Amino acid sequence: MIEAQGLTKRYGRTTAVDDVSFTVHPGKVTGFLGPNGAGKSTTMRMIVGLDRPTRGTVTVNGRPYAQHRAPLREVGALLDAKAFHTGRSAYNHLWAMAATHGIGRARVREVIEMTGLETVAKKRVGGFSLGMSQRLGVASALLGDPRTLILDEPVNGLDPEGVVWVRNLVRFLASEGRTVFLSSHLMSEMALTADHIMVLGRGRLLADAPVADIVARASGTTVRVRSPHATRLVELLAGPGISVTSDAPGSFEITGSTAEAIGEAAAAAQLVLHELTPIKGSLEDAYMSLTQDSVEYRSTTSGLHPDHLGTRGASGADPVRSAPTASTEGTTR
Amino acid sequence: MSTDVLTSAAGPGTDSDADGVRLTFPRVVTSEWIKFRTLRSTIWTLAITVVVMVGIVTLFSVFFGKQSSGAQDSGGGSIIVFTIAASMAQLAVVVLGALVITGEYSTGMIRSTLTAVPRRLPALWAKGVVLAVSIFVVSSVAVAISVGVMQIILGAKGLAPDLGDGETVRILVGTALYLTAIALFAFAMGALLRHSAATLAAVLGLLLVIESLFQIPWRPLQLISPFLPGTAGANIMAPQSQLDLLSQHAVGAALSPWQGFGVLLAWVAVLLTAAAVLLRRRNA
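Structure (structure tokens):
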């Protein structure tokens, strides 16, 4: 269980994490998503006390991490794949880490086996590939048999076999009742691994919900409408939980209602509709739309995504704009 | 597959006392000792320390034996070789002292260390203990070998150091103490600067260049000079006769051997305190 209250971190004038509160529950995999620079790593570093929060608190299993008698027993953290001395062997690294807590050498050999590092355990870490370093990071995290695992981008640099291995490992650890907090910027990976998702953008928490909810929110709840009576229709539909965005005169998107409800309302008021299209989304779309304003380093090619096009009216010329064309990348659900 | 019902009490690894898995200071020292001896740089720098000490003492003894015809006062002259030998060997222990901590920052290891020891200060103290004990033991061994070599080369001529003499013993133990303290000085500077090159530049620049510049006969410099870490600390290795000679011309304070060493320890204490305060505050 990880509980954060009003967690804030500033570096000089940059606010990396801005008043974030959340709870990560045991027994499931919680995915932590966000674009590069969103503050994911900073948040994770604050949980284990590597960074001092500017404001706010964060506890693990009821206490600040540093106040536990056996910190490695509470939290196993993989925060970056380069947290090793390059001149020391993998075995000696793990042995030294284990020694701080009186963890035996049998456990060191065990985590080496679990992570498939047997053949390179006696080699110096300096020669490790990114994938091997990640495995050593996972081995370090597992050393204390911790109740909570915090893994920052663990699949980064792993081969496909390694990606599946991490996925199965974290699912297994969660099924044992442990808290698993996993960050990634890869939506597709999260869709397969996580039960619950938190999305961070520009240091703020944009979403904190079960995967199913986030997908549901993204699919079928937004409807694209074109009508010569747009203004009257919008007045008619206005209500709590309904938001309307317009990108061109007579064309708008309604979120929070369904195509059926809008169509019936229009018919009842005898208003003409030129288009009524439910926009289906994927988890990826949900993520994209959540974070589109909070991407710090955006490449120009991201403009290929229709949601990111400045000239949204142009896409409105396509009368059948729906899921398949709306999503140029990733999977559609 | 996910189960919300599992309480934390039923979860794994709840009772950390059951199997004795727990963070303690002696264990952190053990961990730092493992880290210390599993790096090649440690072995190399310690080996160089011994080789340099013994090598210089051997060369000196050979020449000293040839030049002296017994006019010297019973081995008192040959003891000054330890000041010379230590001034060379200190380069190796300074490098080791700095790398013990800056090596962790340059590689990223510090994040693993501080995750395992989140209160941070125990890790700093444990590193200091391991470094100090190791260097004291290794330099004591180097001094012992050196004394043996001198005994072999100069013993027959009666020029070898007299181990029954209090001052000789103070100088021999003082050599090991000086090397230990100067390594801790570099260690503290490393903990403060967190950068290998910057630390070595600062410490070696101070010991080799800046302290020499303070010998320039200009009063303000000469007043400060006796209190600089290397100058003050080296008093512990100097024969009293030499210190007396220097004090006749001294403008500033004339520190006794132990006062001088105390000044070096004070430098170490101040730097370590500053490093400890910053270690607590800074992001790793």
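Protein chains in written order, with our numbering: chain B, 1 to 333; chain H, 334 to 617. Where is the CB? At the ideal position from N, CA and C, for every residue including glycine. None of the values given here were measured: they were computed from a predicted structure.
{"Item": "Any C-beta of chain H under 8 Å from that of Leu33 of chain B", "Value": "no"}
{"Item": "Thr424 of chain H versus Gly563 of chain H - alpha carbon distance", "Value": "It is worth fixing the name first, because residue 424 of chain H is Leu in this sequence and not Thr. Leu424 of chain H and Gly563 of chain H: Cα-Cα distance of roughly 12 Å."}
{"Item": "Nearest candidate by alpha-carbon position, reference Gln575 of chain H, set H:Glu500, H:Leu533, H:Ser467", "Value": "H:Glu500"}
{"Item": "Beta-carbon spacing of Ile197 of chain B, Gly31 of chain B below 8 Å", "Value": "yes"}
{"Item": "Proximity of Ser89 of chain B and Val58 of chain B at Cβ, strictly below 8 Å", "Value": "no"}
{"Item": "Sub-8 Å separation of Met570 of chain H and Gly507 of chain H beta-carbons", "Value": "yes"}
{"Item": "Interface partners of Val95 of chain B on chain H, CB under 7 Å", "Value": "Val is not the amino acid found at residue 95 of chain B; the sequence shown has Trp there. Simply Ile367."}
{"Item": "For Lys9 of chain B, the three-state DSSP class (helix, strand or coil)", "Value": "strand"}
{"Item": "For Ser472 of chain H, the nearest candidate out of H:Leu541, H:Val354, H:Ile504, H:Ala617 (CA to CA)", "Value": "H:Ile504"}
{"Item": "Leu50 of chain B and Leu7 of chain B closer than 8 Å at C-beta", "Value": "no"}
{"Item": "Simplified DSSP state of Val17 of chain B, which is helix, strand or coil", "Value": "strand"}
{"Item": "At least 3 beta-carbon pairs within less than 8 Å: the segment 382-398 of chain H vs the segment 100-107 of chain B", "Value": "no"}
{"Item": "Simplified DSSP assignment, three categories, for Pro278 of chain B", "Value": "strand"}
{"Item": "Integer-rounded CB distance, given that Thr43 of chain B should sit under 8 Å from Leu200 of chain B", "Value": "7 Å"}
{"Item": "Assigned secondary structure, Gly593 of chain H (DSSP; H/G/I helix, E/B strand, else coil)", "Value": "helix"}
{"Item": "Cβ of Asp152 of chain B within 8 Å of any chain H Cβ", "Value": "no"}
{"Item": "Segments of 4+ residues assigned as alpha helix (DSSP H) that fall wholly inside the segment 19-84 of chain B", "Value": "40-47, 71-74"}
{"Item": "Within-8 Å CB hit, His305 of chain B to chain H", "Value": "In this prediction, His305 of chain B scores a pLDDT of 44, lower than 50, which makes its location untrustworthy; the coordinate-derived value is nonetheless stated afterwards. False, the Cβ-Cβ gap to chain H never drops below 8 Å."}
{"Item": "Span separating the alpha-carbon of Leu605 of chain H from that of Arg370 of chain H", "Value": "23 Å"}
{"Item": "Proximity of Thr193 of chain B and Val75 of chain B at Cβ, strictly below 8 Å", "Value": "no"}
{"Item": "Residue nearest to Met190 of chain B in terms of C-alpha spacing, selected from B:Ala261, B:Ile214, B:Ala266", "Value": "B:Ile214"}
{"Item": "Within chain H, partners of Asp80 of chain B - CB distance below 9 Å", "Value": "Gly441, Arg444"}
{"Item": "Environment of Asp159 of chain B [buried if 16+ CB atoms lie within 10 Å]", "Value": "exposed"}
{"Item": "Beta-carbon proximity of Arg107 of chain B to Leu72 of chain B, cut-off 8 Å", "Value": "no"}
{"Item": "Beta carbon proximity, Tyr287 of chain B to chain H, threshold 8 Å", "Value": "no"}
{"Item": "Beta-carbon gap between Asn616 of chain H and Arg52 of chain B smaller than 8 Å", "Value": "yes"}
{"Item": "Check whether Ser171 of chain B and Thr148 of chain B have beta carbons under 8 Å apart", "Value": "It should be noted that the sequence gives Arg, not Ser, for residue 171 of chain B. Taking 8 Å as the Cβ cut-off, Arg171 of chain B and Thr148 of chain B do not qualify as a contacting pair."}
{"Item": "Neighbouring residues, chain D, relative to Asp51 of chain B (Cβ below 8 Å)", "Value": "Within the model displayed, chain D is absent; protein chains B and H are what it includes."}
{"Item": "Limits of the beta strand (DSSP E) - the one that Pro559 of chain H falls within", "Value": "Segment: none, Pro559 of chain H is in no beta strand (DSSP E) and carries neither H nor E."}
{"Item": "Nearest residue (CA-CA) to Pro210 of chain B, options B:Tyr11, B:Arg224, B:His25, B:Val272", "Value": "B:His25"}
{"Item": "Selection from B:Ala81, B:Gly131, B:Asp195, B:Ala248 that minimises the alpha carbon distance to Met442 of chain H", "Value": "B:Ala81"}
{"Item": "Cross-strand partners of Pro210 of chain B (DSSP beta bridge)", "Value": "B:His196"}
{"Item": "Boundaries of the beta strand (DSSP E) in which Ile112 of chain B is found, first to last residue", "Value": "Careful: Ile112 of chain B lies outside any beta strand (DSSP E), inside the alpha helix (DSSP H) at 105-114."}
{"Item": "The alpha helix (DSSP H) enclosing Ala535 of chain H, as first and last residue numbers", "Value": "529-537"}
{"Item": "Contact under 8 Å by Cβ, Glu164 of chain B with Pro154 of chain B", "Value": "What sits at residue 164 of chain B in the sequence shown is Val, not Glu. No. Outside cutoff."}
{"Item": "Own chain residues within Cβ distance below 7 Å of Ala141 of chain B, not counting five before or after", "Value": "Gly76, Ala77, Leu78, Leu149, Leu151"}
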